[in-house]
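*Asks:* Protein chains in written order, with UniProt numbering: chain U, 1 to 414; chain R, 1 to 414; chain X, 1 to 414; chain Z, 1 to 414.
We put the beta carbon where it would ideally sit given N, CA and C, even for glycine.
4 protein chains.
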Amino acid sequence: MAPPTPRLVIPIDLKKKPWQQKLPLHNRWHPEIPPVTEIKTGEMFRIEMVDWTAGSIQDNNSAIDVKTVDLSTVHYLSGPIRVVDTDGNPAEPGDLLAVEICNLGPLPGDEWGFTAIFDRENGGGFLTDHFPRATKAIWYFEGIYAYSPHIPGVRFPGLIHPGIIGTAPSKELLNIWNERERKLEETGPRSLKLCEVLHSRPLANLPSTKGCILGKIQDGTPEWIRIANEAARTIPGRENGGNCDIKNLSRGSKIYLPVFVEGANLSTGDMHFSQGDGEVSFCGAIEMSGFLELKCEIIRNGMKEYLTPMGPTSLHVNPIFEIGPMEPRFSEWLVFEGISVDESGQQHYLDASVAYKRAVLNAIDYLSKFGYSKEQVYLLLSCCPCEGRISGIVDAPNAVATLAIPTAIFDQMG
Amino acid sequence: MAPPTPRLVIPIDLKKKPWQQKLPLHNRWHPEIPPVTEIKTGEMFRIEMVDWTAGSIQDNNSAIDVKTVDLSTVHYLSGPIRVVDTDGNPAEPGDLLAVEICNLGPLPGDEWGFTAIFDRENGGGFLTDHFPRATKAIWYFEGIYAYSPHIPGVRFPGLIHPGIIGTAPSKELLNIWNERERKLEETGPRSLKLCEVLHSRPLANLPSTKGCILGKIQDGTPEWIRIANEAARTIPGRENGGNCDIKNLSRGSKIYLPVFVEGANLSTGDMHFSQGDGEVSFCGAIEMSGFLELKCEIIRNGMKEYLTPMGPTSLHVNPIFEIGPMEPRFSEWLVFEGISVDESGQQHYLDASVAYKRAVLNAIDYLSKFGYSKEQVYLLLSCCPCEGRISGIVDAPNAVATLAIPTAIFDQMG
Amino acid sequence: MAPPTPRLVIPIDLKKKPWQQKLPLHNRWHPEIPPVTEIKTGEMFRIEMVDWTAGSIQDNNSAIDVKTVDLSTVHYLSGPIRVVDTDGNPAEPGDLLAVEICNLGPLPGDEWGFTAIFDRENGGGFLTDHFPRATKAIWYFEGIYAYSPHIPGVRFPGLIHPGIIGTAPSKELLNIWNERERKLEETGPRSLKLCEVLHSRPLANLPSTKGCILGKIQDGTPEWIRIANEAARTIPGRENGGNCDIKNLSRGSKIYLPVFVEGANLSTGDMHFSQGDGEVSFCGAIEMSGFLELKCEIIRNGMKEYLTPMGPTSLHVNPIFEIGPMEPRFSEWLVFEGISVDESGQQHYLDASVAYKRAVLNAIDYLSKFGYSKEQVYLLLSCCPCEGRISGIVDAPNAVATLAIPTAIFDQMG
Amino acid sequence: MAPPTPRLVIPIDLKKKPWQQKLPLHNRWHPEIPPVTEIKTGEMFRIEMVDWTAGSIQDNNSAIDVKTVDLSTVHYLSGPIRVVDTDGNPAEPGDLLAVEICNLGPLPGDEWGFTAIFDRENGGGFLTDHFPRATKAIWYFEGIYAYSPHIPGVRFPGLIHPGIIGTAPSKELLNIWNERERKLEETGPRSLKLCEVLHSRPLANLPSTKGCILGKIQDGTPEWIRIANEAARTIPGRENGGNCDIKNLSRGSKIYLPVFVEGANLSTGDMHFSQGDGEVSFCGAIEMSGFLELKCEIIRNGMKEYLTPMGPTSLHVNPIFEIGPMEPRFSEWLVFEGISVDESGQQHYLDASVAYKRAVLNAIDYLSKFGYSKEQVYLLLSCCPCEGRISGIVDAPNAVATLAIPTAIFDQMG
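Here it is as structure tokens:
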């Protein structure tokens, strides 16, 4: 007998607002956000999701929505999903949750996406000191291809992937996150010249009740207030996976996530039609709504067996990924290089971030010689299937980073 | 009529010491190191080269040579080569030198290489705080494949490439280098906690007469002393290309180097049979002697036309690369992730170097569960065709870096 | 504004029989089968289709349905579709119809397929003299992967494609087809020893009223009888495209079809989840229902401009294809060879069909050493992404054909 | 200790004629041609070889040499090589000889090759009825690339491979070959209309003393006369491997050859810089001199264990191949199709040779619209990395064959 069609466990109705969805969304990581559904290992299930801003960015030519978007409410995630085995026993802390991405795509009837440069005063991005103003490109999909009226002459196949997929942190892990990020905010590199040169963005995004959405937990209740003050923002990737933005995490990939709470409490969102390594403009992928068809297995005790803590506690681990076999073939690549000397001429020590910044700037300058504005290229390099490599990280004082661009994106005009 | 066999312009006799070679080698960047030969645009020519240590590391089981190697003498480069066009007019500052890699390989009769972890007290490496002791793996070549008696069960095809290829800096550019690196040495991140955690290595390698070799310029003469005190070390990649360690720069690739002095004064060396992105153990590629067959073109005024300065002067540029079409097909990749939280649990701000370090450590820990020592895996990840990616560089405070390893390297046992 | 969701021009309701569908299907090629719908160039439209047998083969363990299937009714096609340009002018004979495959897949809720060996007495196949009995394998889909309870230990990603896509023939072309195929039936290789050795299958499938379905033309009417007696079977690929079974014709591909009648009258069907080159067992792909999202352009006069007739009339042409960029990466291939000596030891002259037969038989014999029955391997080689190559076609008397199998299909067990 | 440089067991001096070489060449298959050298399993050894005509075709613009070449003397092979295991025991009939291609390339100083259309009266080719006149293209190599002054605008990377590699047949196998090929000559398809349409070439090439070279066996002696009258020509691939012309058999590939005589008596030759599937113009690869570096293993009794006879005796087997992982990446392919209807409009029954002929003719016609002569395209499709596929072999009466051409060959101008 054929297996049943993937069970739709989290439906999205794009005509409704996020808070009107049948199953409530959430935008924070916390162990006490209750699961909205339950799945069994071995079954294939379908999750639908809004785009990371839940419709705040519109399909039009104005970037006013980008400039004013309320970033306290992102990312809107679908879940949490409680995972149990075929005997009904939930995933337990210390297990590994293996999640296979069987299928994924845009939501039918919503085949478009956006890439944006955030305003320096509202979010910023990797090159916010060079490109401080809000800008937007809309992309339309033709099957595997995306094209944009805002960046003509470009068309490329997408490697669709979820930007965010992760399990709920335990209370202990959450405390670690909040403590280390608060410390950065207080004492961190804001005081350092090199950071001022690089960025004027917030150093971290600490818990706040503003914009907080906690799924089934009613807004404004004492419980909500307590949890909102503890719950981690979804901006950075962390030990639980989360916003890892791995551009090749498409069909056929498998993710081994550590389990920190009973039931694993899997959440996902931030679907990307395509992303370049680094997602440099921050809202840099082709952001869209979408669906995922997943299958889970529980590897009992797998976290202890396969992951080695990299820090003071046993919780300092990272997921492992197997990349799927389907991807576009590209024949020719144009490669730009950067070294860890910044735009003021200052030498940094083996700093791959500075080196990558310079590689991206070099690519932008070069490509803008062919009729594009620099903003267009910045948007393009954020979302096209370009590869950002750490080529050398040992030859003091210069890290060497490279950005490789498949030239076929420029001539695949249907 | 068939074109002639590539003209051998720089021969190497491996039975001789570096200073006994027919054409003298050099190990510094300086505009006044005289060319040892001249080539014309359009002709194919052959350059031979010693390994980067000129034979200091032996094909045996002891790492004592690694521990005691004199790093003041590296890298031994072949060149400089003066480039003139078919009318005999030399490349000029402001031109671009397009160098095509037509062919390359190990020197016949010398089909072996080495990968080493440098001692913390002599060179160190990306993970020197974890792996402080000198270690060595010898690799033997069987055509496209390398295998090592020191890392059994592994065999992979190499993407042979020169670690170093570059043009001579002008005096002005050299001054910029020396000034910014000196400043780093004096006031740089040595004072910062984050750097102490990461490394105990020298911040930069400033000019020094010790170990200096300047080609045709006689050791110990006043000219030699003056130049040696100005000439830049070859360790880092810089505006002139140099030690860029781009692992895919193999057959069929093309490099567009800026020209800073009359004749371009092209030098190359540091041949690698294979390298992983990052070359993490520092002496991390499969280091070997070798040959290059090259063809050059001069793009007049191309530096000004195609490269955009990224800094206070018009000299702050980087080369551009086109990657060749030949590479091994790999089907399945295992991907490890790191975020910019260091091993002490401290949060860093969008630091791709810290994130990549954690990704590499995660990979080492995982693979060491399958019967390898951690040192073996560290060596392996330095030289096998693994990809180091900057996956996310915008989601404050965590940069996300990934290390992707082709699983086929573990089962291609002949 | 985002382009609208692809317009569904031919819907299929899988709960209904073929003759109950909203728009009638057809299973013959004829210029007078009336279009069921019309599309404009530039618009994206969606076609749904039944599997080629319209549900005759069931998802179960018995091959009785394969043994008794009525082959006079295949292939059930969706269409014809009349194509007009944005001014409303139809495609004209002599034009080229460029069809881009934007998206395609199984019909939601019907994610399974079948591969079958036809009985020697009912359809047969490439190796019917070796495998005369009806056999069946059912495949289930998990996103990009297919697996079969009937061929355990195998799992591979599919390259979904339509087996059949073509335009309607003109009356003149239809006459050419019928005449040449009738001639083959009458005087053809049936008399030749070599063919008797190879096959006991019908030489051609001439027009017949039995099982004939002509869309909007009512069964049994005089018009139906006339057309049924003229209309070509859909079994072979011909000048109009049709059953070309090109396994890489997946997402992002583009097909340039000659236009023989006003409006082009495009039809398509016979969706495959995956197919091996040659589709050797005849019902050899993973056959399924499915959908296509297409976009058409008309290249006016393109047939005359780009296609060169290869025969006595200007109609002897073939379509041209551009293959899309998305396909699974495979690293290792096992290759079996055949030469044009048949199993009786008889030498044939540069006969690629005989050579390929022997290559397939060699592969079956080899793989059956690893625990599979030969029927299982025959089914597998029909539908897995293996490549059938004409390696040498000039070295008299032996053609050399090869069958290359990606070894990863044997170990990608989820 | 590093393994020694591959031992040169068969040297070639290109300044000498074939009969002046240090070790004599041979151009026939026979069990009694004595080995010229011996190698041990596990050692890497080097074989040099002349081009298949031993210098008969010159690097110039005239095709007179092609027109008049003496085809009774081809192919000049290096060998036979006796293979023994590390205990000195030779390979035995019934064993498999595993040959790994570690490295290969043109002979230094001879970096050029040729592709030719043979004259209808002297060799012919797949399309000799369309292109009856001798034509020649010379190719020059720039590292991995080949370009030709006779086919401007084209440049592509080569997948270098030996066209011929095989073991000596036993007397019994030789008798089988001679008998079946003689039978074809006497009673074969020459009588059939379809063959006359296709070809006017010899049906087989039976043993003859003319041009025969038997290595160490002195010309004209009674032994030579006897053997020459029995020895098989090297034109077709057969059970012993031989002229299999598998274009992907490059670096890192492995060939499992059946052993028919004591010592295996391995011979090889006919080096190709690049070949298209089918090698359609007969002298169709880029033919060159070259070297191979090989490593052999003996799999005792492997022929019986892994190969299944496909005919009346246990000798009716074929080699198995593993294809190496290094190949050029191509992104975009243009695909031409053919069906088994010939140029006269006659229908053939599932004849892949006819279908492939039509696909090649379609490609030639299409590409000749872009400024090439048809002869140029015919030469190009013979030697560029195009793929010839058997797409459908079951849809009576039309086999469908396709020819896929990577479009990058047209724009990779250095």
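Please list the segments of the beta strand (DSSP E) lying wholly inside the region 214-289 of chain Z, counting only runs of 3 or more residues, in order along the chain.
*Replies:* Fully enclosed beta strand (DSSP E) runs of 3 or longer: 241-243, 254-258, 266-272 and 282-287.
*Asks:* Between the Cα of residue 100 of chain U and the Cα atoms of U:10, U:325, U:381 and U:56, which residue gives the shortest distance?
*Replies:* Mapped onto the first sequence, residue 100 of chain U falls at position 100. When each option's Cα is compared against that of residue 100 of chain U, the closest is U:325.
*Asks:* Just to confirm before moving on: does the CB-CB distance between residue 134 of chain X and residue 114 of chain X stay below 8 Å?
*Replies:* For this step, residue 134 of chain X is matched to residue 134 along the third sequence. For this step, residue 114 of chain X is matched to residue 114 along the third sequence. Cβ distance not < 8 Å, so residue 134 of chain X and residue 114 of chain X don't count as in contact.
*Asks:* So with CB distances below 7 Å, who are the chain R contacts of residue 44 of chain Z?
*Replies:* The sequence position of residue 44 of chain Z within the fourth sequence is 44, counting from 1. The contacting residues are 142.
*Asks:* Determine, using beta carbons only, whether residue 330 of chain X comes closer than 8 Å to chain R.
*Replies:* Taking the third sequence and counting its residues from 1, the one referred to as residue 330 of chain X is at position 330. True, the Cβ-Cβ gap to chain R drops below 8 Å.
*Asks:* Comparing C-alpha positions only, which one of U:65, U:39, U:54 and U:124 sits nearest to residue 83 of chain U?
*Replies:* Here residue 83 of chain U corresponds to residue number 83 of the first sequence, with the count starting at 1. Cα-wise, what sits closest to residue 83 of chain U is U:39.
*Asks:* Thinking just about the alpha-carbon of each residue, which of Z:32, Z:297 and Z:272 is nearest to the one in residue 97 of chain Z?
*Replies:* Walking along the fourth sequence from the start, residue 97 of chain Z turns up at place 97. For the residues Z:32, Z:297 and Z:272, the minimum Cα distance to residue 97 of chain Z belongs to Z:297.
*Asks:* To the nearest angstrom, how far is the alpha carbon of residue 194 of chain X from that of residue 402 of chain X?
*Replies:* For this step, residue 194 of chain X is matched to residue 194 along the third sequence. For this step, residue 402 of chain X is matched to residue 402 along the third sequence. With a pLDDT of 43 at residue 194 of chain X, under the threshold of 50, the modelled position of this residue cannot be trusted; read the value that follows with caution. Going by the C-alpha atoms only, they are around 21 Å apart.
*Asks:* First and last residue of the alpha helix (DSSP H) that includes residue 19 of chain Z?
*Replies:* Numbered from 1 along the fourth sequence, position 19 holds the residue referred to as residue 19 of chain Z. Element bounds for residue 19 of chain Z: n/a, residue is neither H nor E.
*Asks:* Between R:153, R:51, R:137 and R:148, which lies nearest to residue 105 of chain R when the distance is taken from Cα to Cα?
*Replies:* Residue numbering aside, residue 105 of chain R sits at position 105 when the second sequence is read from its first letter. Ranking the options by Cα distance to residue 105 of chain R, first place goes to R:51.
*Asks:* Check for me: the alpha helix (DSSP H) holding residue 364 of chain U runs from which residue to which?
*Replies:* Numbered from 1 along the first sequence, position 364 holds the residue referred to as residue 364 of chain U. Unbroken alpha helix (DSSP H) run through residue 364 of chain U: 352-367.
*Asks:* May I ask which residues mark the beginning and end of the beta strand (DSSP E) holding residue 115 of chain X?
*Replies:* For the purposes of this step, residue 115 of chain X is taken as residue 115 along the third sequence, with counting starting at 1. Segment 112-117, the beta strand (DSSP E) holding residue 115 of chain X.
*Asks:* For a cutoff of 8 Å on Cβ pairs, would you count residue 101 of chain X as touching chain U?
*Replies:* Locating residue 101 of chain X in the third sequence gives position 101, where the first residue counts as 1. True, the Cβ-Cβ gap to chain U drops below 8 Å.
*Asks:* Kindly indicate which three-state DSSP category residue 60 of chain U falls into: helix, strand or coil?
*Replies:* By 1-based counting over the first sequence, the position of residue 60 of chain U is 60. Coil.
*Asks:* Report the rounded CA-to-CA distance for residue 407 of chain Z versus residue 160 of chain Z, giving the unit in angstroms.
*Replies:* Indexing the fourth sequence from 1 puts residue 407 of chain Z at position 407. Indexing the fourth sequence from 1 puts residue 160 of chain Z at position 160. Rounded to whole angstroms, residue 407 of chain Z to residue 160 of chain Z spans 20 Å at the Cα level.
*Asks:* Name the two residues that bound the continuous beta strand (DSSP E) containing residue 391 of chain X.
*Replies:* Looking up residue 391 of chain X in the third sequence gives position 391. Unbroken beta strand (DSSP E) run through residue 391 of chain X: 387-392.
*Asks:* Helix, strand or coil, according to DSSP, for residue 178 of chain U in the structure here?
*Replies:* Reading the first sequence from its first residue, position 178 is the one you call residue 178 of chain U. Three-state result, residue 178 of chain U: helix.
*Asks:* Taking Cβ positions only, does residue 131 of chain X come closer than 8 Å to chain Z?
*Replies:* Numbered from its first residue, the third sequence carries residue 131 of chain X at position 131. Answer no: the Cβ-Cβ gap between residue 131 of chain X and chain Z never drops below 8 Å.
*Asks:* So, at 8 Å on beta carbons, what are the nonlocal neighbours of residue 206 of chain U in its own chain, with the 5 sequence-adjacent residues on each side left out?
*Replies:* On the first sequence, position 206 is the one that residue 206 of chain U refers to. Hits under 8 Å: 178, 181, 182, 185 and 233.
*Asks:* Helix, strand or coil for residue 190 of chain R per DSSP?
*Replies:* Position 190 of the second sequence, counted from the start, is the residue given in the question as residue 190 of chain R. With a pLDDT of only 47 at residue 190 of chain R, under 50, the local geometry of the prediction cannot be trusted, and the value read off the model is given with reservation. Residue 190 of chain R: helix per DSSP, three-state reduction.
*Asks:* Helix or strand or just coil, what does DSSP make of residue 5 of chain R?
*Replies:* Taking the first residue of the second sequence as position 1, residue 5 of chain R is located at position 5. If DSSP states are grouped into helix, strand and coil, residue 5 of chain R belongs with coil.
*Asks:* Looking at the secondary structure, which residues open and close the beta strand (DSSP E) in which residue 331 of chain R lies?
*Replies:* Taking the first residue of the second sequence as position 1, residue 331 of chain R is located at position 331. First-last for residue 331 of chain R: undefined, no H or E at that position.
*Asks:* From the DSSP output, in three-state form, read off residue 346 of chain Z for me.
*Replies:* Counted from its first residue, the fourth sequence places residue 346 of chain Z at position 346. DSSP places residue 346 of chain Z in coil when its eight states are reduced to three.
*Asks:* Per DSSP, residue 78 of chain Z forms a beta bridge with which residues?
*Replies:* Locating residue 78 of chain Z in the fourth sequence gives position 78, counting from the first residue. The partner list for residue 78 of chain Z (beta bridge, DSSP) reads Z:268.
*Asks:* For residue 396 of chain R, collect the residues of the same chain with a Cβ closer than 8 Å to its Cβ; drop the 5 residues on either side in sequence, then sort them by chain order.
*Replies:* Looking up residue 396 of chain R in the second sequence gives position 396. Cβ neighbours of residue 396 of chain R beyond the five flanking positions: 349 and 350.
*Asks:* Using the three-state DSSP reduction, which class does residue 49 of chain U fall into: helix, strand or coil?
*Replies:* Along the first sequence, one-based indexing puts residue 49 of chain U at 49. If DSSP states are grouped into helix, strand and coil, residue 49 of chain U belongs with the strands.
*Asks:* Per DSSP, residue 136 of chain X forms a beta bridge with which residues?
*Replies:* In the third sequence, counting from the first residue as 1, residue 136 of chain X sits at position 136. Per DSSP, X:116.
*Asks:* Please list, in chain order, all residues of the same chain as residue 70 of chain X whose beta carbon is under 8 Å from its beta carbon, the five residues on each side excluded.
*Replies:* For the purposes of this step, residue 70 of chain X is taken as the residue at position 70 of the third sequence. 56 and 211.
*Asks:* Would you say residue 359 of chain X lies against chain R (beta-carbon separation less than 8 Å)?
*Replies:* Position 359 of the third sequence holds residue 359 of chain X. Not an interface residue.
*Asks:* Would a C-beta distance cut-off of 8 Å place residue 170 of chain U and residue 236 of chain U closer than the cut-off?
*Replies:* Taking the first residue of the first sequence as position 1, residue 170 of chain U is located at position 170. Taking the first residue of the first sequence as position 1, residue 236 of chain U is located at position 236. Against a cut-off of 8 Å, the Cβ pair of residue 236 of chain U and residue 170 of chain U comes out as no contact.
*Asks:* Thinking just about the alpha-carbon of each residue, which of X:244, X:91 and X:223 is nearest to the one in residue 276 of chain X?
*Replies:* Counting from 1 along the third sequence, the entry for residue 276 of chain X is found at position 276. Comparing Cα-Cα distances from residue 276 of chain X to each of X:244, X:91 and X:223, the minimum goes to X:244.
*Asks:* Roughly how many angstroms lie between the CA atoms of residue 95 of chain U and residue 108 of chain R, to the nearest whole one?
*Replies:* Here residue 95 of chain U refers to the residue found at position 95 when the first sequence is read from its first residue. Here residue 108 of chain R refers to the residue found at position 108 when the second sequence is read from its first residue. For residue 95 of chain U and residue 108 of chain R, the distance between alpha carbons rounds to 52 Å.
*Asks:* Please check if any C-beta of chain R sits within less than 8 Å of the C-beta of residue 344 of chain U.
*Replies:* Position 344 of the first sequence, counted from the first residue, corresponds to residue 344 of chain U. By this cut-off, residue 344 of chain U is an interface position.
*Asks:* What's the C-alpha gap between residue 221 of chain X and residue 18 of chain X?
*Replies:* Counting from one through the third sequence, the residue named residue 221 of chain X turns up at place 221. Counting from one through the third sequence, the residue named residue 18 of chain X turns up at place 18. Using only the alpha carbons, I get a separation of about 19 Å.
*Asks:* Taking 8 Å as the threshold, find out whether the region 349-367 of chain X comes into contact with the region 357-367 of chain R through three or more Cβ pairs.
*Replies:* Cβ pair count under 8 Å is below three, so no.
*Asks:* Contact defined as beta carbons within less than 8 Å: I believe residue 281 of chain X pairs with residue 356 of chain X. What is the distance between those atoms, to the nearest angstrom?
*Replies:* For the purposes of this step, residue 281 of chain X is identified with residue 281 of the third sequence, where counting begins at 1. For the purposes of this step, residue 356 of chain X is identified with residue 356 of the third sequence, where counting begins at 1. Actually they do not touch by this definition, with Cβ atoms about 14 Å apart.
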